[in-house]
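**Q**
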Amino acid sequence: MSAVAKKAVDKFLEVIDADVAAFAESCVHCGECAEACHFYIATKDPKYTPTYKLFPLVKAYKRHKAPLSGIKKMLGLVPAEVTEEELREWEPLVYDSCTMCGRCTLVCPMGIDIAGTIRKMREGYVAAEIVPEGLMAAAVNAERTGSPMGVTLKALSAQIKHQEDETGIPVEIDKKGADYMALLSSMEIMGFPEIIGAYSKLFKQAGLTWTISSKAFEATNVGVQIGSGKMAKMLVQRVVDAAEELEVKHVISPECGHAYGALRWAGPNMIGREFSFKVVHIIELLDQLRSEGRIPAGDKDTRRMTLHDPCQIIRRGGLLAEPRRLLDDSCSDFVEMEGAGIANLCCGGGGGVSANPRAEELQLAAFAQKLKQINDIGGVEAVVVPCANCRTVFEDGLDELEADFEVIGLGELVAETLAAK
Amino acid sequence: MSFLKFVEEPLFYFAAAVFLIGALWRVIGIIRIGRKPDLAPAKGSGTAGFIAGNLRHFVPRNIFAKRTWIHIIGGYGFHFGLFALLLFAAPHIKFFDERILGISWPALPRWGFIIAAQFAFAGLIMLWVRRFSDPVMRLIADWDDHISSWLTFLVMLTGCLALQESHDILKAIHMLFVDVWLIYFPFSRLMHAVTFFLSRGYTGATYGRKGMTL
Amino acid sequence: MLHRLIAAIFFTALMLMSLSTASAQSVRPPANAVNQPDSEQERVGTSNTLGTQSQSDYWRALRHGKSGISTTGRNDGLLIQSQGEDWRLIRKQYILKYSGWVLVGVIALLVLFFLIRGRIRLKGGRSGKTISRFSLAHRTAHWFMASVFIMLAISGLLILLGRIALAPLIGKGAYAIMASAAMQGHNLFGPLFIIALIWLVWLFIPGNFLKMVDLKWLAKGGGLIGGHASAGHYNFGEKVWFWFVVIGGLAISVTGILLEFPWLVENLLFLQLSTIVHGIAAVGLIAFALGHIYIGTLGMEGALDSMTTGDVDINWAIEHHDLWYEEVTGKPINKSGEDSDDDSPGHAQVYTQSRS
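Chains as they are written, first to last, in numbering that gives the first Met the number 0: chain A, 0 to 420; chain B, 0 to 213; chain C, 0 to 355.
1. Alpha carbon to alpha carbon, how far is B/Ala161 from C/Ser179? Give it in angstroms, no decimals.
2. Taking Cβ positions only, does B/Ile124 come closer than 8 Å to chain C?
3. Tell me which residues of the segment 332-359 of chain A have at least one Cβ-Cβ distance to chain B shorter than 7 Å, keeping chain order.
4. Am I right that C/Ile130 and C/Asp304 are in contact with their C-beta atoms under 8 Å? What's the rounded C-beta distance?
5. Return the first residue and the last residue of the beta strand (DSSP E) that C/Asp312 is part of.
6. Just the C-alpha distance for A/Leu370 and A/Leu306, rounded to the nearest angstrom, thanks.
7. Can you tell me whether C/Ile224 is buried or exposed? The criterion is at least 16 other CB atoms within 10 Å of its CB, across all chains shown.
8. What does B/Leu54 reach in chain A if we use C-beta pairs closer than 9 Å?
9. Here's a check: name, in chain order, each residue in its chain whose Cβ is nearer than 8 Å to the Cβ of B/Gly45, leaving out the five neighbours to either side.
10. Could you please give me the residues that DSSP links to A/Met135 through a beta bridge?
11. With the cut-off set at 8 Å, would you say B/Ala51 and B/Pro185 are in Cβ contact?
12. Just confirm the distance between the C-beta atoms of A/Val221 and A/Met233, as a whole number of angstroms; I'd bet it's less than 8 Å.
13. Between C/Leu191 and chain B, is the shortest Cβ-Cβ distance under 8 Å, so that the two count as touching?
14. Kindly examine the ligand FMN and report whether one of its heavy atoms sits closer than 7 Å to the Cβ of A/Asp164.
15. So, are the CB atoms of B/Leu181 and B/Phe82 less than 8 Å apart?
16. Could you have a look at A/Leu363 and say whether DSSP puts it in helix, strand or coil?
17. For A/Gly350, which option in A/Thr48, A/Gly149, A/Met99 has the closest C-alpha, if you only look at C-alpha atoms?
18. Is C/Phe243 helix, strand or coil when you go by DSSP?
19. Classify A/Leu183 as helix, strand or coil using the three-state DSSP reduction.
20. What residues from chain A crowd round B/His70, counting only those whose CB sits closer than 8 Å?
21. Would you please verify whether the beta carbon of B/His78 is less than 8 Å from any beta carbon of chain C?
22. Please report the distance separating the alpha-carbon of A/Gln311 from that of A/Val392.
23. Taking 8 Å as the CB-CB cut-off, is A/Phe457 touching chain B?
24. Nearest by alpha-carbon distance to B/Ala89: which of B/Lys65, B/Phe118, B/Ala106 is it?
25. With DSSP as the reference, label B/Thr194 as helix, strand or coil.
26. Between the C-alpha atoms of A/Ala138 and A/Met148, what's the straight-line distance to the nearest angstrom?
27. Note down the Cα distance separating C/Leu267 from C/Ile158, rounded to an integer number of angstroms.
28. Taking 8 Å as the CB-CB limit, is B/Ser44 close to chain C?
29. List the residues of chain A whose Cβ lies closer than 8 Å to the Cβ of B/Val17, in chain order.
30. Leaving out five residues on either side along the sequence, give the residues of the same chain with a beta carbon under 8 Å from the beta carbon of C/Leu121.
31. Distance, Cα to Cα, C/His137 vs A/Cys29?
32. Which of helix, strand or coil does DSSP assign to B/Arg60?
33. For the segment 136-169 of chain B, list every residue whose C-beta sits within 8 Å of some C-beta in chain C, in sequence order.
34. Does the beta carbon of C/Leu187 sit closer than 8 Å to a beta carbon anywhere in chain B?
35. Whether or not the segment 169-182 of chain A and the segment 211-227 of chain A are in contact is what I'm after, with contact meaning three or more pairs of Cβ atoms, one per stretch, closer than 8 Å; do they touch?
36. Are the beta-carbon atoms belonging to B/Asp178 and B/Val6 less than 8 Å from one another?
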C-alpha cells in the first residue's frame, strides 16, 4: 500500500465508529439511494449512486475492522487493500458529486446515514491530502483569516458602516455581556449585507442586546466541508473563545447551511466539552421572538413566493416548521413546491461543491432539477432561500439558465414585513 | 445414519451453532466498536429516535416510491412471503416444535402457505432480475449479493419441490440447503436481517437528538 | 473462489443423485392417498376422488357384480367414461409420441440454420453509439417471465415426457422422486406465469399490432431474401411470437388453472381436453421459445443488448428496425442507409451495402 493510501486508510479506520460499522454491514446494494441523489437524477450516471461513493471506506472497513474479518481474511474472502489509484478515482465522487444533503439517508431502507459517512470519509482524504483545488484554497483562506473567501475584519467593518447608515441603528462590536453574539457567513457579508441591517431592525424591535465579535465573526465552517476535523475544531474554538470572552448567553448561527450543524450539533464534540452558551439558528430565534409577540408582523409581501428548504437547516438540522410559520406571517401568496419539506431537493452547491470549480457543470445540472420544481408551480415571483450558499448557487444558476425571479433571504423578508412602529 | 438424519441432526446443529454464534459475534462486534458520547445539548430523545427510525424506514416515502416501485413491491412481497411461510407453514412449525422450541402454534392452511410462497418467489425473482438489469445495481452489486440471492432461492425452491412430503430425499436436499444457508449467513450480506435494526436505530437516534420528526 | 463453489455444488448434486436410488425405500405415500382399510377410512373420513366411499369396495362390486351401490361425489352417475379411452390414446399416440421429436426437430433446425447462415452480423459493424430500446420495466418483466417460463418448461417436460424418456435411464424410483418434485414446482410456479403474462402483455402490446410493412417484411423473408426489410419497433417475426405468447399463454393459463383446481368443472371432459391443450400449447411455446432464445443470443449480433442494458447500437437499429429508429430519433435515414446526422462523432461505417 502506498504511503498516501495508508494515511487515508488509517484515518478511515479511525473515524469508523459503531454507527458507520452498522451502516457498512447493512447495505444490501439495493440502489434506492441513487433515486434520491440529485446528481444521479440529473445525469443518470450510475457512478453517482451514493453508496458507491463510499466503496473505498467500506472496503477498508471490511478488510481491517469488521467483526469476523480475521476468519474471512484467512479464507481470502476480504476485499483487496485500497489503492492510491482508487482513492484518486473516487475523489470527484466524494467531493464533486456530494453535498452531504442527506436525501439518500432518508430513502435508504436500512436507514444508513450515507451523507454523514461521506463527511467522515473526507477526513481520510484530507489526511492523504487528496482534495479538490478550489476547496483547498478556501481552507487556506479560512486558516489565515477565518473566512473561506478571505474576508477580513476591515471588509466586514465597511459593510457594517454601510448598513448603519442605511438603517440609522448602530451595531456594537465586541460588546461584553450582550444577550446574543451574531455570526455571519462570508457570502452574506460580501453578497447580501442587507442581513446586517435586518438584524439591527429586528433585534431593536425585540429589545434584545446583540453584538458581533471582531475576532470570530465567520460562521462558515470550511473544515466540515472539506473533511478536516482539525480545521473544523479550530474554527469552532475561535467562536467559542470569543463568545466566552464576551460572556454572551447565545450565539446566533446565521442563514448558512453547514455552519449550524457544525456549531450546534458537532461543535461541543469537536472541542470536547459543552458550551457555556446556547447556540440558536437565526430562524429559530425569529420564530421564538414572533411567538413571544416581540416582533409582530405587519403588512405581508404580496408576491407569489415559494420556499427552498436548505438541506442542512431543515432535513439535517431539524427546523422544518419554523421557516413556514414565519412565512405564513410574512407573505400572502405562499405556495409550496412539490416535494417540499424534509425530502426537498438540494440546490446542488452545498458541502463544498460550490467552492469547487471542477464541479461546476455537474452542479448546474443538479440545479436544473431545482429550477424545474419552481417552474412547475407557475407564476413564482420570488424564492425564499434561507441559506447564503444556496442563494449564491441560485443566483449563478438562474443567470446560466436564464430564469427570472428574485431570490431573497428569510431574515430580510421578516425584517421588511415587520409591523411599523 | 441416513442422509436425511444427517442433515436434520448433526449438520443442522452445527449449522445452527455457526449461525447463532456468528451472528451474535458480528452484532456485538459492531456495538463494541463504540461511539463517542454526544456533548451537544439534545433537542429530543435519542432513544425514542432509535425506535422511531426503525419503524419509519419500513414505510417508503411518497416522493421516492414513485421512482422505485418495482423494488418496493418485490422487496415487500419477498420478505412478507418468506416471513409467512417460514414461520407459519405446517412442516416448518413441526420442525421448530420437534427440534428447537418444543412449542407449536397455529399454521396457515395449505393454500395460504402456497400463496405466501408464490409471493416470496415472485419477489425474489423480480429483485434478482432487477439486480442484473438496472445499471445502478449492476455497478454496485458484488458476488455476495448474487450468492445470497441464489442460495435463498435454492432453499425456497428445494422446499417447494418437497411439498408433496412423500420422498425423504427431497426433504433432505431442502434441509441440506438450509444448513448451507445457515452457515453462509453470518459471513455475508444476509446479516442485514439482523444489522438493519442497528443502522436504522443509530441514524434514528441522531435524528431524535436533533428533535427531528421523521 | 467461484469455481470452487460451483464444483462443490456439482459434487453435492452428483452425490445426491446416487443417493436417490438408494433411498427409494423411503418413499411414503402422500398424506391424502387412499391405502387404508375400509373401516379405518370410514372412521377417519380421508378424502379421495370419490369422497369418503371406499374405492376397493367399489371396484369389487363392479367386478363381481352387486346391486345397490351408490356413489358420492360425482353427480353425473358416470362410472366408466368411454371418451377417457380416446383421451388416453390421443395422449399416447400423438402427444407423447411426437412432442419430444418436435422439440428435437426445432433444435436440429436451429443448429442447421446456424451452420448454414451463421451469426447474422451487423453489416456496418458497431458504431459505438447507442439508443435506448427497452426500459427497465420492460427488461424486468421480460426476464421475470423468462425465469418463470424456464422453470415451468423444465418441470413440465419432466412431467410430460419423463416416464418415457428419463425413467428408462435413471430407474423408476429416481424418476418418481423427480416427478414429485417437478409436479410441486410446476403447480407452485404456474400461477406466477399468469402474473408474468399479464405484466408482459401490458408492457409489450404497444407496437405489436400488425401493419402493412410487416407483410412486406414477410415477403422479403425478413431480409433473408431480397435484401433489407424495413420494420418498426417490432418486426413481423417478433409480432408473431408476441401474439403466439398471448394466445398460447392464455390457453396454457386457463387450462392450467383447471388442472390445478379440478373441482371448478363438473365434466371430466374439460379436464381431459385441458391436458391436451395444455400439452400442445406448452410444446408450441417451448419450441418457439427455443427459436427466440437462439435469435436473441447467438443468432443475431447486437440483439441481446436490448434486453440486458436496454440500449442498442445505432447500426443495429438502422439495419433491423429502421422505421422505429426514425420515429424515435426524428432522423430520416437516407437511401444508402446512413442517418442524416453525419457529423456526429463516433459514427463509424453505417450500413451502406447496395442490394447485391
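Glycine included, every Cβ here is placed at the ideal spot set by N, Cα and C. Quantities reported herein were computed from a predicted structural model and do not represent experimental measurements.
**A** Let me spell this out:
1. Translated into the one-based positions of the third sequence, residue 179 of chain C becomes position 180. Translated into the one-based positions of the second sequence, residue 161 of chain B becomes position 162. Their backbone Cα atoms lie some 8 Å apart in a straight line.
2. For the purposes of this step, residue 124 of chain B is taken as the residue at position 125 of the second sequence. Yes, its Cβ sits closer than 8 Å to a Cβ of chain C.
3. With the criterion set as a beta carbon lying under 7 Å from some beta carbon of chain B, the members of the segment 332-359 of chain A are Gly338, Ala342, in sequence order.
4. In the third sequence, the residue the question calls residue 130 of chain C occupies position 131. In the third sequence, the residue the question calls residue 304 of chain C occupies position 305. Not a contact, Cβ separation roughly 11 Å.
5. For the purposes of this step, residue 312 of chain C is taken as the residue at position 313 of the third sequence. That run of the beta strand (DSSP E) goes 310-312.
6. Counting from one through the first sequence, the residue named residue 370 of chain A turns up at place 371. Counting from one through the first sequence, the residue named residue 306 of chain A turns up at place 307. Their Cα atoms are separated by approximately 12 Å.
7. Along the third sequence, one-based indexing puts residue 224 of chain C at 225. With fewer than 16 other Cβ atoms within 10 Å, it is exposed.
8. Taking the second sequence and counting its residues from 1, the one referred to as residue 54 of chain B is at position 55. Near B/Leu54 there are no residues of chain A at all, since even the closest Cβ is about 10 Å away, more than 9 Å.
9. Your numbering for residue 45 of chain B matches position 46 in the second sequence. So the list reads Asp37, Ala204, Thr205, Gly207, Arg208, once near-sequence residues are dropped.
10. For the purposes of this step, residue 135 of chain A is identified with residue 136 of the first sequence, where counting begins at 1. Its beta-bridge partners do not exist; DSSP assigns none.
11. Working through the second sequence from its first residue, we reach residue 51 of chain B at position 52. Working through the second sequence from its first residue, we reach residue 185 of chain B at position 186. The answer is no: Cβ separation not under 8 Å.
12. One-based indexing of the first sequence puts residue 221 of chain A at position 222. One-based indexing of the first sequence puts residue 233 of chain A at position 234. About 10 Å; that fails the 8 Å criterion.
13. Working through the third sequence from its first residue, we reach residue 191 of chain C at position 192. Yes, because at least one Cβ of chain B sits closer than 8 Å to the Cβ of C/Leu191.
14. This structure does not include the ligand FMN; it has no bound ligands of any sort.
15. Translated into the one-based positions of the second sequence, residue 181 of chain B becomes position 182. Translated into the one-based positions of the second sequence, residue 82 of chain B becomes position 83. Contact: no.
16. As a working mapping, residue 363 of chain A is identified with position 364 in the first sequence. Looking at A/Leu363 - three-state DSSP - the assignment turns out to be helix.
17. In the first sequence, the residue the question calls residue 350 of chain A occupies position 351. It is A/Met99 whose Cα lies nearest to the Cα of A/Gly350.
18. Taking the first residue of the third sequence as position 1, residue 243 of chain C is located at position 244. C/Phe243: helix per DSSP, three-state reduction.
19. Numbered from 1 along the first sequence, position 184 holds the residue referred to as residue 183 of chain A. Correct three-state label for A/Leu183: strand.
20. Looking up residue 70 of chain B in the second sequence gives position 71. Cys29, Gly30, Glu31, listed in chain order.
21. On the second sequence, residue 78 of chain B is found 79 positions in, with the first residue counted as 1. Judged by the 8 Å Cβ criterion, B/His78 is not in contact with chain C.
22. Translated into the one-based positions of the first sequence, residue 311 of chain A becomes position 312. Translated into the one-based positions of the first sequence, residue 392 of chain A becomes position 393. Cα-Cα distance, rounded: 15 Å.
23. Not covered by the structure: residue 457 of chain A. The range shown for chain A is 0 to 420.
24. The residue labelled residue 89 of chain B in the question sits at position 90 within the second sequence. Closest by C-alpha distance to B/Ala89, out of B/Lys65, B/Phe118, B/Ala106, is B/Ala106.
25. As a working mapping, residue 194 of chain B is identified with position 195 in the second sequence. Here B/Thr194 sits in helix by DSSP.
26. The count along the first sequence starts at 1 and reaches residue 138 of chain A at position 139. The count along the first sequence starts at 1 and reaches residue 148 of chain A at position 149. Distance between the alpha carbons of A/Ala138 and A/Met148: 9 Å.
27. On the third sequence, residue 267 of chain C is found 268 positions in, with the first residue counted as 1. On the third sequence, residue 158 of chain C is found 159 positions in, with the first residue counted as 1. Rounded to the nearest angstrom, the two C-alpha atoms are 20 Å apart.
28. On the second sequence, position 45 is the one that residue 44 of chain B refers to. With 8 Å as the cut-off, B/Ser44 does not count as an interface residue toward chain C.
29. As a working mapping, residue 17 of chain B is identified with position 18 in the second sequence. What B/Val17 touches in chain A, judged by beta-carbon distance under 8 Å, is nothing: the nearest beta carbon there is about 11 Å away.
30. By 1-based counting over the third sequence, the position of residue 121 of chain C is 122. So the qualifying residues of the chain are Glu300, Gly301, Asp312, Asn314, Trp315, Glu318, Tyr350.
31. One-based indexing of the third sequence puts residue 137 of chain C at position 138. One-based indexing of the first sequence puts residue 29 of chain A at position 30. Distance between the alpha carbons of C/His137 and A/Cys29 is about 19 Å.
32. Translated into positions along the second sequence, residue 60 of chain B becomes position 61. Looking at B/Arg60 - three-state DSSP - the assignment turns out to be coil, as it is neither helix nor strand.
33. The segment 136-169 of chain B vs chain C, Cβ under 8 Å: Trp142, Ile146, Leu156, Cys159, Leu160, Ala161, Leu162, Gln163, Glu164, Ser165, His166, Asp167, Ile168, Leu169.
34. Reading the third sequence from its first residue, position 188 is the one you call residue 187 of chain C. Interface residue, yes.
35. Yes: the two stretches touch, three or more of their Cβ pairs being nearer than 8 Å.
36. In the second sequence, residue 178 of chain B corresponds to position 179, counting from 1. In the second sequence, residue 6 of chain B corresponds to position 7, counting from 1. Result yes, Cβ atoms of B/Asp178 and B/Val6 sit closer than 8 Å.
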